[in-house]
Amino acid sequence: DVKVTQSSRYLVKRTGEKVFLECVQDMDHENMFWYRQDPGLGLRLIYFSYDVKMKEKGDIPEGYSVSREKKERFSLILESASTNQTSMYLCASIWGAQGNEQFFGPGTRLTVL
Amino acid sequence: AQSVTQPDIHITVSEGASLELRCNYSYGATPYLFWYVQSPGQGLQLLLKYFSGDTLVQGIKGFEAEFKRSQSSFNLRKPSVHWSDAAEYFCAVGVYDMRFGAGTRLTVKP
Numbered sequence: 024d025v026k027v028t029q030s031s032r033y034l035v036k037r038t039g040e041k042v043f044l045e046c047v048q049d050m051d052h053e054n055m056f057w058y059r060q061d062p063g064l065g066l067r068l069i070y071f072s073y074d075v076k077m078k079e080k081g082d083i084p085e086g087y088s089v090s091r092e093k094k095e096r097f098s099l100i101l102e103s104a105s106t107n108q109t110s111m112y113l114c115a116s117i118w119g120a121q122g123n124e125q126f127f128g129p130g131t132r133l134t135v136l
Numbered sequence: 240a241q242s243v244t245q246p247d248i249h250i251t252v253s254e255g256a257s258l259e260l261r262c263n264y265s266y267g268a269t270p271y272l273f274w275y276v277q278s279p280g281q282g283l284q285l286l287l288k289y290f291s292g293d294t295l296v297q298g299i300k301g302f303e304a305e306f307k308r309s310q311s312s313f314n315l316r317k318p319s320v321h322w323s324d325a326a327e328y329f330c331a332v333g334v335y336d337m338r339f340g341a342g343t344r345l346t347v348k349p
């Protein structure tokens, strides 16, 4: 089975801190994604990556950056956390393209105080 | 730009009753359409997907969905709901970078 893991299930940070959210997949998928999930808004795409060192902005990239140094790992970085970034963050990976199934991690619930 | 609308934020049905969750999409070409389910405290699980061919697709857990191009819809159905179906359901569209709807929360009454 494909496994997508995220470094933390729950995280509490203070405003202004630099925050790293890590995602690792074990199935050699080329493509990886970061979403945030908020009640009433569903999942919104922050960034995605289709190869090592490649990245593309999604719909809400402001305040975030990403890093993909290795194929299996995709990191989301909050350079200076703000309270409006309190959310559930979901990582996903997918093999190839053409509408294949995305496999999701369990999510990281981030609270910024 | 691709987008998805799920008009119903919350639906309550009785156990054993039929279910239909609505999804409307906007996409410039032939869409790839998906339904995912998220149970409380769980990750998202794929229920079914549509790429082409037969417009009625079968998924896991007894769910099915029908693609209607003329209505830009991809509604999810189940003939008889079980208490374990209580969850949040997301419709998604896209070929590579998917877009999700806001979700429909399903409550099942005993």
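Going down the list, the sequences are from chains E and G. Going by my numbering, 53 is the number at position 30 of the first sequence; the sequence numbering is gapless. Going by my numbering, 255 is the number at position 16 of the second sequence; the sequence numbering is gapless. Every residue gets a Cβ at the ideal spot worked out from N, C-alpha and C, and that includes glycine.
Chain-order list of residues whose beta-carbon lies under 7 Å from that of residue i (same chain, five-residue window excluded)
i: residue 285/G; result: 273 and 275
i: residue 47/E; result: 28, 95 and 96
i: residue 80/E; result: 70
Cross-strand partners of residue i (DSSP beta bridge)
i: residue 284/G; result: 276/G
i: residue 96/E; result: 47/E and 93/E
i: residue 327/G; result: 277/G and 344/G
i: residue 250/G; result: 345/G
i: residue 65/E; result: 61/E
Helix, strand or coil at residue i [DSSP, three-state]
i: residue 57/E; result: strand
i: residue 269/G; result: coil
i: residue 299/G; result: helix
i: residue 106/E; result: helix
i: residue 29/E; result: strand
i: residue 257/G; result: coil
i: residue 308/G; result: helix
Nonlocal neighbours in the same chain, by C-beta distance under 6 Å from residue i, ignoring five residues either side
i: residue 118/E; result: 52
i: residue 319/G; result: 255
i: residue 82/E; result: 67 and 68
i: residue 337/G; result: 331
i: residue 103/E; result: 39
i: residue 30/E; result: 45
i: residue 130/E; result: 111 and 113
i: residue 259/G; result: 314 and 316
i: residue 298/G; result: 286 and 287
Alpha-carbon spacing of residue i relative to residue j, whole angstroms
i: residue 295/G; j: residue 241/G; result: 22 Å
i: residue 128/E; j: residue 114/E; result: 5 Å
i: residue 346/G; j: residue 323/G; result: 10 Å
i: residue 70/E; j: residue 84/E; result: 6 Å
i: residue 28/E; j: residue 109/E; result: 20 Å
i: residue 125/E; j: residue 339/G; result: 12 Å
Proximal residues, the segment 55–68 of chain E versus chain G, C-beta separation under 8 Å: 56, 58, 63, 64, 65, 66, 67 and 68
Positions along the segment 124–136 of chain E whose CB lies within less than 9 Å of some CB in chain G: 124, 125, 126, 127, 128, 129 and 130
Contact residues within the segment 68–94 of chain E, judged by C-beta distance below 9 Å to chain G: 68, 71, 73, 79, 81 and 82
Within 8 Å of chain E by C-beta, residues of the segment 298–320 of chain G in sequence order: none
Proximal residues, the segment 285–299 of chain G versus chain E, C-beta separation under 8 Å: 285, 288 and 290
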